[in-house]
Amino acid sequence: YRIEPGTRPGDLLQRLVDGKVLLHPLTIVEGWTFAQMRAYLARQPFLRHTLEGASPEVVMQRIGRPGIHPEGRFLPDTYHFPRGTSDVECLKRAYAAMESFLAEAWAERDPGLPLETPYEALILASIIEKETAVPEERPLIAGVFVRRLQRGMRLQTDPTVIYGLGEAFDGNIRYRDLRRDTPYNTYTRKGLPPTPIALPGREAILAALHPAPGDALYFVARGDGTHEFSATLDAHNRAVRKYQLKRR
């Protein structure tokens, strides 16, 4: 409880009876990895920390989800908790929120998607989340990835490569990185990576399940945060020369 100086005894008693405790905001951000989310939780002074030094596997056991890979499993949002709430309780709530939202979204997905399970939708949504911060582009990028999956094309998306490099990534992705095979390298392997690569937000999940129609199979960053979409490799190569090579 937060008790202001000068609070009258009667008001204090009523506040205690009503159970009006002070709630602290806790914001989980779209695009964070599980490790980044844990680091953020560890910095919150109002939480009771019980997971310090615990492995991801132990964390998932503690929240009642043993054997589940943690990446992408927690819904980005602003939650509110009273002082003394455990980090375990925070994670349980965010996990349950993602589970609920994903199930509802999956039930209303577009027909004909090349996705077999809600988890595959979560994986695709995490890639969309990392590819763009422009809301109106998410369904467009989803459309590109869905069409590539339907045609058996590799996704060829840099964020999965970066995730697969782990701590070896120094901030610059190089051609040799694209050729270095990992389970997450979508240049060397077809299909989706084995797990999400980040925490996807609601809009990215909805984009994965309701991709924009069209014929684009490629996109390249323009350098201003947006992307140029192309239906053919020739058009894509022209866009690469226009937006990428001139910046080098």
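In the numbering used here, the protein residues as written are 2 to 249.
Note that the Cβ used here is the ideal one computed from N, Cα and C, for glycine as well.
Helix, strand or coil, according to DSSP, for residue i in the structure here?
i      : result
Asp182 : coil
Ser56  : coil
Tyr96  : helix
Arg249 : With a pLDDT of only 46 at Arg249, under 50, the local geometry of the prediction cannot be trusted, and the value read off the model is given with reservation. Three-state result, Arg249: coil.
Asp257 : What is shown of the chain runs 2 to 249, which leaves residue 257 out entirely.
Pro140 : helix
Pro194 : coil
Phe35  : helix
Arg49  : strand
Ile29  : strand
His237 : helix
Leu24  : strand
Arg242 : helix
Glu229 : strand
Pro160 : helix
Tell me, to the nearest whole angstrom, how far the beta carbon of residue i is from that of residue j; I am working on the premise that it is less than 8 Å.
i      : j      : result
Ser87  : Leu27  : Not confirmed; about 12 Å, so no contact.
Pro201 : Pro140 : With 8 Å as the limit, Pro201 and Pro140 do not qualify as a contact, their Cβ atoms being about 14 Å apart.
Leu218 : Ala232 : 6 Å
Tyr244 : Ala208 : No, Tyr244 and Ala208 are not in contact; Cβ-Cβ is about 23 Å, not under 8 Å.
His25  : Arg84  : 6 Å
Between which two residues does the alpha helix (DSSP H) containing residue i stretch?
i      : result
Glu121 : 119-132
Asp78  : Run containing Asp78: none in the alpha helix (DSSP H); it sits in the beta strand (DSSP E), 78-83.
Glu72  : Counting along the chain, Glu72 falls outside any alpha helix (DSSP H), and DSSP gives it neither H nor E.
Glu204 : 203-210
Grab me the residues of residue i's own chain with a C-beta within less than 8 Å of its C-beta, minus the 5 sequence neighbours each way, in chain order.
i      : result
Tyr188 : Arg155, Gln157, Val162, Leu179, Arg180
Ile206 : Phe102, Leu103, Ala106, Ala122, Leu123, Ala126
Give me the Cα-Cα distance between residue i and residue j, rounded to the nearest whole angstrom.
i      : j      : result
Ala240 : Thr133 : 17 Å
Glu121 : Leu76  : 16 Å
Arg148 : Leu114 : 9 Å
Phe230 : Ala236 : 9 Å
Pro112 : Phe146 : 16 Å
Asp182 : Gly165 : 9 Å
Glu58  : Gly65  : 11 Å
Could you spell out the range, first to last residue, of the beta strand (DSSP E) harbouring residue i?
i      : result
Tyr219 : 219-222
Arg168 : The amino acid occupying residue 168 in the given sequence is Glu; Arg does not appear at that position. Taken as a continuous stretch (DSSP letters only), Glu168 belongs to no beta strand (DSSP E), as it is neither H nor E.
Ser87  : Ser87 -> no beta strand (DSSP E), and no H or E assigned at all.
Within a Cβ cutoff of 7 Å, which residues of the same chain sit near residue i, ignoring the five residues on either side of it in sequence?
i     : result
Pro67 : Met61
What residues in its chain sit with their C-beta under 6 Å from that of residue i, if we drop five residues either side in the sequence?
i      : result
Gly215 : Gly144
Ala36  : none
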